[in-house]
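Undergrad: Numbering (UniProt numbering), first residue to last: 1 to 240.
1. Consult DSSP for residue 225 and reduce its assignment to one of helix, strand or coil.
2. Just to confirm, is the Cβ distance from residue 275 to residue 110 under 7 Å?
3. Taking all protein chains shown into account, do 16 or more other C-beta atoms lie within 10 angstroms of the C-beta of residue 124, making it buried, or fewer, making it exposed?
4. Can you check which of these residues, 40, 129, 161, 139, is closest to residue 222 by C-alpha distance?
5. Is it true that the segment 102-118 meets the segment 128-139, where meeting means three or more beta-carbon pairs spaced less than 8 Å apart?
6. Pick out whichever of 36, 2, 25 has its Cα sitting closest to the Cα of residue 9.
7. If I follow the unbroken alpha helix (DSSP H) through residue 99, where does it start and stop?
8. Let me check understanding here. Comparing Cα to Cα, which of 143, 179, 126 lies closest to residue 214?
9. What does the alpha-carbon distance come out to for the pair residue 67 and residue 183?
10. Check each candidate in 92, 210, 158 and name the one with the smallest Cα separation from residue 196.
11. Taking 7 Å as the cut-off, decide whether the C-beta atoms of residue 179 and residue 142 are in contact.
12. If we ignore side chains and look at the alpha-carbon of each, how far apart do residue 61 and residue 192 end up?
13. Would DSSP call residue 189 helix, strand or coil?
14. Put residue 217 into one of helix, strand or coil per three-state DSSP.
15. Please list, in chain order, all residues of the same chain as residue 89 whose beta carbon is under 7 Å from its beta carbon, the five residues on each side excluded.
16. Just the Cα atoms here: how many angstroms apart are residue 99 and residue 72?
17. Going residue by residue through the segment 147-211, where are the continuous beta strand (DSSP E) segments of at least 3 residues, counting only ones entirely within it?
18. Please give the ranges of any alpha helix (DSSP H) in the segment 68-118, keeping only runs that are unbroken, at least 4 residues long and fully inside the region.
19. Note down, in chain order, each residue of its chain lying with its Cβ closer than 7 Å to the Cβ of residue 57, except the 5 sequence neighbours on either side.
20. Within this structure, are the beta carbons of residue 155 and residue 217 separated by less than 7 Å?
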């Protein structure tokens with residue numbers, strides 16, 4: 001799964017890494033929320049979607065604001081929390097994801113994400129890790145998005161991150177990882193193509209890195225640069 005992410009730059013700097021996308025009208029409101037060192041579900045993030053109404057008869061990638069947690073238009077409030085991850089296996093047939101996967105895919109730009117290793121297989125003692133690119137560069141996760149209206153009829157754009165089997169590195173700590181897209185595949189993921197199934201695969205481990213971090217990451221209230229600092233060991237139980 002992928003339940004936490006981090007962005008270690010300002011919003012403007014993050015956007016500058018994806019110059020093919022223009023800024024949507026609602027994106028500036030996120031400016032004071034970044035850097036975000038311990039990003040969690042239910043928070044708002046910048047995502048890139050394929051805008052089809054920017055100009056007559058044109059389309060192109062656009063940065064917009066979206067809330068992490070998938071809520072289709074037909075979803076009712078209350079009940080279980082909205083899913084933050086969607087497995088690539090069955091994404092085209094699952095009732096929660098199939099419509100968005102077919103026509104509303106997005107890119108989720110980040111600098112890294114977190115995962116927890118279940119040390120003893122009991123779920124009670126987990127070592128957190130930070131995962132990023134070796135060169136520290138920003139990259140994009142594959143996502144799908146929807147628009148849901150709250151009780152007052154206010155539209156809320158929302159998204160979930162697509163996951164796949166782990167690469168060799170990630171397999172050391174978990175049995176899933178988010179789908180990370182090559183830059184050359186961004187356009188295709190955002191395109192009208194209904195089923196780019198071959199893009200949902202493990203990212204090459206040799207260009208990635210991971211390191212142990214402290215257990216303060218377990219609470220999203222702890223949102224500071226020290227969260228991603230490497231530690232030698234943190235064997236005390238981590239609640240997530």
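Backbone N, C-alpha and C define an ideal beta-carbon position, used for all residues, glycine too. Given the structure is predicted, the values throughout are model-derived calculations rather than measurements.
TA: Reading it off the structure:
1. helix
2. It is not possible to answer for residue 275, since the shown part of the chain is limited to 1 through 240.
3. exposed
4. 40
5. yes
6. 36
7. 98-103
8. 126
9. 23 Å
10. 92
11. yes
12. 12 Å
13. helix
14. helix
15. none
16. 9 Å
17. 155-164
18. 98-103
19. Reliability fails at residue 57, whose pLDDT of 48 lies under 50, so the model's placement of it is uncertain and the value that follows must be treated cautiously. Nothing listed; no residue qualifies.
20. no
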